[in-house]
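Input: a single structure, listed below in structure tokens.
Protein chains in written order, with our numbering: chain X, 1 to 497; chain P, 498 to 994.
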């Protein structure tokens, strides 16, 4: 049946096409059914019915939806009832803990992308993956399906180097440093990053404080070929697009099933054409990977997947039991990151981690003594020069200085109430406090540590400082700081008679 | 913030309250958030925003929604942002295969009922129950929580008898016969039934062809006290109301997790105040319970649950490998059911099953030789008299006769294409064909078998007949009949040299 497209201005609405009740009846639609809409492209979505919003023969859709599917008000679209997705049978199979075939996994991914599976069905899929899991072969099929349902960047002539941190540790601002060192060494590293999902600040959240991260696939390719390095936001390209649809369902549940996480990482890297991939696995209390044993399981999985998918993968198990460096939050992390590139010999944890990871990538690229070479490129200023070139290529200021990045103007110092050694730092509590202060959306918001684990504090020493762009959020963050008390301070005496 | 209620005429819409964008911003609402609405009662729902549908200070809601919550156009309601349900943590715990406490299960059930959990979260809950399961203690807590969040019928003075079939076998029209026999013996049996979920015809779907099943709790109580028996639709009372909300999410997935199924059955029975409960467990290929071993697992679970919940439970494992009797579909089943009560000695499978189950209930009520007594009550006409009293009490015709129930006027006979013995009958295929013919909504639609398993057919004998209320559905059902070929016909020779 043909319909004339009209605009509907309901936002946050689940039915994305509203028809009049007679037209719904004529199409045989029942509540919860989905419709196939054929305009310039074909897509599937939920319909709603309303006698006052849609006239007979009219299909009302939100503007964002019209834009997405390339149809305009007044266009004619064809709408029909969409039969239930066959992929539900394959989801059921996973619920029954069975192994799925390549084509079954592909059908699920394709139907998520096409809108043929609803939230109930996608949630069941993710919950099944969480509980029943996938073996390495299934994860490889999963990653391939996610790549094949999106765009790919095709680099020719030069190998593509890439790296990825599985996250879970706050303040991990090493990406621009690693990319700058590796590109300065002459290797090509078109790094795409994400924004915070549950963390206080993703790489893209702080990189966008000094340059543009929303870069098209063509631009990423051009900058990588010309400058050698990129630090863009992965979401601005259509790489493994099903990932975003899945994250939208993962968020309310607060889960990221291992099979989904591994497939998601590798699909993004395959889509960018990575030949050599380094994986950073932050390990320790409060991270995604509690101990060495769990870390080694990840190393095995990544190594096996690399073999199946034809990517040369190495893993670095790093310490993530407390923040990397001292800063958490967009401007604070950007400032600390640029300070390291400017040549300051502090914070040591950022320098060491960045240089060790960059060194591993250099060695994968055939450059011997990678960590020594990485430190040379950092201390000689070559990395800073490369950083400036990338920033400029991404529309930022070539002459960027760390002092340009300012923390928020609302400030609360948190002081020690007793003296002793800091014997624990709670990552998750620090993240919650930084988010309460406004990170990652408020660019000045975050936390600056004065002390780290193992250091001694006296009564009334500043342990850390909260920054915020608004008074209210600053107060709220301080309340949480008192509630959570993320630093454990103890005397050093273990036993006393 | 206060809002004036106005009407919104979108049906099938997921946001049930539409506000204008400024009001959404003022309440700090983001996409996917839920709002708490306080009118005459308090409830939680999804909101949507639209600048043209809702004016500032106005909350637009569908009429059915207004009715449900007892608010009228022009009323003032208070709306605020609803924080994320804490129950998600407990769902996560079940995803991690942990045992839940009584209060955790209660919180999940309460939040489903209150609308605080969205489809994504409820789907994750059901999928977790399907894969990770629950132990008997958890199922008992689950059943209790479902009872406690709804209404209860309180009978005093007389014990309440009840029975339930877990379903899965088509044509199982025994309920009115069992209830009539048991009530004729002087026991009180206020039986509530369901409509078809995935089957071709639930008990309520065929009982409503000759009397009203949509009866209030007060009426059920009155009829049970006065007449002794009831066969009403459970959905017309607010017994374990969370069940319906859960079924809505189970349907797209086609699952009914064992823990959910057991809790659901027992909660309805506890809510009605059952002291003695008989469970019919149809077993065999094409049912929910494939073999004896699986049936015995159910018997154990029901018996254990009865002990924990204080209900005297007995189980009957019955044969469900082919339909009970010959008729499938509302009018056809009603006719066959009433024929048995009228005293026809056919079909034997219906008589035997009804009398054996009724006999077990009589023995639970202290009446010796229950099955003999049940047959006497049937053959003496006492059961038919009781049936008529119940039908009349439920607004039907006291003088109802089986001939009053007519099959649909569109008819297709399905004939044998070869001679031999029928060695298999596919329940699921018969259900699909009956549904294609229009059952259970089209009351004349269904299937009438001429032959059953083990009988011999000659070429061109009628094996079964399809009835429908519309030509198109009759043709569609016949197409399916040819496609599925639900009867397997073979020679009796097992091996030949």
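Glycine is no exception: its CB is placed at the ideal position from the N, C-alpha and C atoms. Just so it is clear, the structure is predicted and the values come from calculations on it, not from any experiment.
Next on the checklist: residue 828 of chain P and residue 940 of chain P - do their beta-carbons sit closer together than 7 Å?
Outcome noted: Locating residue 940 of chain P in the second chain gives position 443, where the first residue counts as 1. Locating residue 828 of chain P in the second chain gives position 331, where the first residue counts as 1. In terms of Cβ geometry, residue 940 of chain P and residue 828 of chain P form a close pair [threshold 7 Å].
Checklist entry - Going by beta carbon distance, what residues of the same chain come within less than 7 Å of residue 377 of chain X, once the five residues before and after it are set aside? => result By 1-based counting over the first chain, the position of residue 377 of chain X is 377. 181, 184, 185 and 383.
Checklist entry - For residue 31 of chain X, which of helix, strand or coil comes out of DSSP? => result Within the first chain, the letter at position 31 stands for residue 31 of chain X. For residue 31 of chain X, the secondary structure class from DSSP, reduced to helix, strand or coil, is coil.
Checklist entry - So who's on the other strand from residue 465 of chain X, going by DSSP bridges? => result Walking along the first chain from the start, residue 465 of chain X turns up at place 465. For residue 465 of chain X, which the question treats as bridged, DSSP gives the partners X:413 and X:448.
Item to check | Completely contained alpha helix (DSSP H) runs for the segment 728-787 of chain P, where each covers 4 or more residues | outcome: Runs found: 739-750 and 755-768.
Next on the checklist: Please report the straight-line C-alpha distance between residue 118 of chain X and residue 748 of chain P, rounded to a whole angstrom.
Outcome noted: For this step, residue 118 of chain X is matched to residue 118 along the first chain. For this step, residue 748 of chain P is matched to residue 251 along the second chain. Cα atoms of residue 118 of chain X and residue 748 of chain P: separation of roughly 12 Å, rounded to the nearest angstrom.
Next on the checklist: Using a 10 Å radius around the Cβ and a threshold of 16 neighbouring Cβ atoms, would you call residue 284 of chain X buried or exposed?
Outcome noted: As a first step, residue 284 of chain X must be located in the first chain, where it is residue number 284. By the beta-carbon neighbour count (other beta carbons within 10 angstroms, threshold 16), residue 284 of chain X is buried.
Item to check | is_contact[residue 108 of chain X, chain P] using C-beta, thresh 7 Å | outcome: Taking the first residue of the first chain as 1, we reach residue 108 of chain X at position 108. Output row for residue 108 of chain X: interface = no.
Item to check | Same chain only: Cβ atoms within 6 Å of residue 499 of chain X, ignoring 5 sequence neighbours per side | outcome: Nothing can be reported for residue 499 of chain X, as the shown portion of chain X is limited to 1 through 497.
Checklist entry - Are the beta-carbon atoms belonging to residue 216 of chain X and residue 204 of chain X less than 7 Å from one another? => result Here residue 216 of chain X refers to the residue found at position 216 of the first chain. Here residue 204 of chain X refers to the residue found at position 204 of the first chain. For residue 216 of chain X and residue 204 of chain X, no; Cβs fall outside 7 Å.
Item to check | Counted within 10 angstroms of its Cβ, other Cβ atoms place residue 764 of chain P as buried (16 or more) or exposed | outcome: Start at 1 with the first residue of the second chain, and residue 764 of chain P comes out as number 267. Looking at its Cβ environment, which holds 16 or more other Cβ atoms inside 10 Å, residue 764 of chain P is buried.
Checklist entry - The beta strand (DSSP E) spanning residue 922 of chain P covers which residue range? => result Looking up residue 922 of chain P in the second chain gives position 425. That run of the beta strand (DSSP E) goes 917-922.
Checklist entry - If we count the other Cβ atoms within 10 Å of its Cβ and call it buried at 16 or more, is residue 398 of chain X buried or exposed? => result Here residue 398 of chain X is taken as the residue at index 398 of the first chain, counted from 1. The residue is exposed, with fewer than 16 neighbouring Cβ atoms inside 10 Å.
Next on the checklist: Between which two residues does the alpha helix (DSSP H) holding residue 856 of chain P run?
Outcome noted: Residue 856 of chain P sits at position 359 when you count from the first residue of the second chain. Following the DSSP letters along the chain, one finds residue 856 of chain P inside the alpha helix (DSSP H) bounded by residues 845-861.
Next on the checklist: Tell me the DSSP secondary structure of residue 1 of chain X in three-state form.
Outcome noted: Taking the first residue of the first chain as 1, we reach residue 1 of chain X at position 1. Three-state DSSP puts residue 1 of chain X in coil, outside helix and strand.
Next on the checklist: Can you list, in chain order, the residues of its chain with a C-beta nearer than 6 Å to that of residue 414 of chain X? Leave out the 5 residues immediately preceding and following it.
Outcome noted: Reading the first chain from its first residue, position 414 is the one you call residue 414 of chain X. Cβ contact annotation for residue 414 of chain X (same chain, cutoff 6 Å, sequence separation greater than five): 463, 464 and 481, in chain order.
Item to check | Assigned secondary structure, residue 687 of chain P (DSSP; H/G/I helix, E/B strand, else coil) | outcome: Position 190 of the second chain, counted from the start, is the residue given in the question as residue 687 of chain P. Residue 687 of chain P falls in the strand class under three-state DSSP.
Next on the checklist: Just list the residues that DSSP pairs residue 44 of chain X with in beta bridges.
Outcome noted: Looking up residue 44 of chain X in the first chain gives position 44. Bridge partners of residue 44 of chain X: X:36.
Item to check | Partners in chain X for residue 618 of chain P, counting only beta-carbon separations shorter than 8 Å | outcome: The residue you call residue 618 of chain P lines up with position 121 of the second chain. Here the neighbours are 123, 252 and 253.
Next on the checklist: Quick check: what's the CA-CA separation for residue 991 of chain P versus residue 821 of chain P?
Outcome noted: On the second chain, position 494 is the one that residue 991 of chain P refers to. On the second chain, position 324 is the one that residue 821 of chain P refers to. Residue confidence for residue 991 of chain P is low, a pLDDT of 48 falling below 50, so the modelled location carries little weight and cannot support an answer.
Checklist entry - Tell me the DSSP bridge mates of residue 811 of chain P? => result As a working note, residue 811 of chain P is residue 314 in the second chain. Note: residue 811 of chain P sits in a beta bridge opposite P:775.
Checklist entry - According to DSSP, what are the bridge partners of residue 987 of chain P? => result The residue given as residue 987 of chain P occupies position 490 in the second chain. Beta-bridge pairing links residue 987 of chain P to P:918.
Checklist entry - Is DSSP giving residue 319 of chain X helix, strand or coil here? => result As a position in the first chain, residue 319 of chain X is number 319, starting the count at 1. DSSP places residue 319 of chain X in strand when its eight states are reduced to three.
Checklist entry - What are the complete alpha helix (DSSP H) segments, minimum 4 residues, inside the segment 59-137 of chain X? => result Fully enclosed alpha helix (DSSP H) runs of 4 or longer: 63-69, 87-95, 102-113 and 119-132.
Checklist entry - Which of the three DSSP states, helix, strand or coil, is assigned to residue 726 of chain P? => result For the purposes of this step, residue 726 of chain P is identified with residue 229 of the second chain, where counting begins at 1. Residue 726 of chain P falls in the strand class under three-state DSSP.
Checklist entry - Can you tell me whether DSSP reads residue 674 of chain P as helix, strand or coil? => result As a working note, residue 674 of chain P is residue 177 in the second chain. The answer is helix: DSSP assigns residue 674 of chain P an H, G or I state.
Checklist entry - How about residue 253 of chain X and residue 621 of chain P: are their beta carbons less than 7 Å apart? => result As a position in the first chain, residue 253 of chain X is number 253, starting the count at 1. As a position in the second chain, residue 621 of chain P is number 124, starting the count at 1. Yes, Cβ-Cβ distance for residue 253 of chain X and residue 621 of chain P is below 7 Å.
Checklist entry - Comparing the C-beta of residue 507 of chain P with each C-beta of chain X, is any distance below 7 Å? => result As a first step, residue 507 of chain P is located in the second chain; it is residue number 10 there, counting from the start. Yes, because at least one Cβ of chain X sits closer than 7 Å to the Cβ of residue 507 of chain P.
Checklist entry - To the nearest angstrom, how far is it from the Cα of residue 735 of chain P to the Cα of residue 256 of chain X? => result Your numbering for residue 735 of chain P matches position 238 in the second chain. Your numbering for residue 256 of chain X matches position 256 in the first chain. In this structure, the straight-line span from the alpha carbon of residue 735 of chain P to that of residue 256 of chain X is close to 37 Å.
Next on the checklist: Just checking: is the beta-carbon of residue 545 of chain P within a distance shorter than 7 Å of some beta-carbon in chain X?
Outcome noted: Residue mapping note: residue 545 of chain P aligns to position 48 of the second chain, counting from 1. Closer than 7 Å to some Cβ of chain X, the Cβ of residue 545 of chain P qualifies, so yes.
Checklist entry - For the segment 127-145 of chain X, which residues have a CB atom closer than 9 Å to at least one CB atom of chain P, in sequence order? => result Identification of residues in the segment 127-145 of chain X having a C-beta nearer than 9 Å to some C-beta of chain P yields 127, 128, 130, 131 and 132, given in sequence order.
Next on the checklist: For residue 815 of chain P, count the other beta carbons within 10 Å of its own beta carbon; 16 or more makes it buried, fewer makes it exposed. Which is it?
Outcome noted: Within the second chain, the letter at position 318 stands for residue 815 of chain P. With 16 or more other CB atoms across the displayed protein chains lying within 10 angstroms of its CB, residue 815 of chain P is buried.
Checklist entry - Residue range of the beta strand (DSSP E) that residue 659 of chain P falls in? => result What you label residue 659 of chain P is simply residue 162 of the second chain in a count that begins at 1. That run of the beta strand (DSSP E) goes 658-662.
Next on the checklist: Along the chain, where does the alpha helix (DSSP H) containing residue 516 of chain P start, and where does it finish?
Outcome noted: Taking the second chain and counting its residues from 1, the one referred to as residue 516 of chain P is at position 19. Residue 516 of chain P -> not in any alpha helix (DSSP H); beta strand (DSSP E) instead, spanning 514-516.
Item to check | residue 322 of chain X, buried or exposed, once every other Cβ within 10 Å from all chains shown has been counted against 16 | outcome: One-based indexing of the first chain puts residue 322 of chain X at position 322. Around the beta carbon of residue 322 of chain X, 16 or more other beta carbons sit within 10 angstroms, so the residue counts as buried.
Checklist entry - Shorter than 7 Å from the beta carbon of residue 548 of chain P to some beta carbon of chain X? => result Within the second chain, residue 548 of chain P is the residue found at index 51, counting from 1. For residue 548 of chain P, a Cβ of chain X is located within less than 7 Å of the residue's own Cβ.
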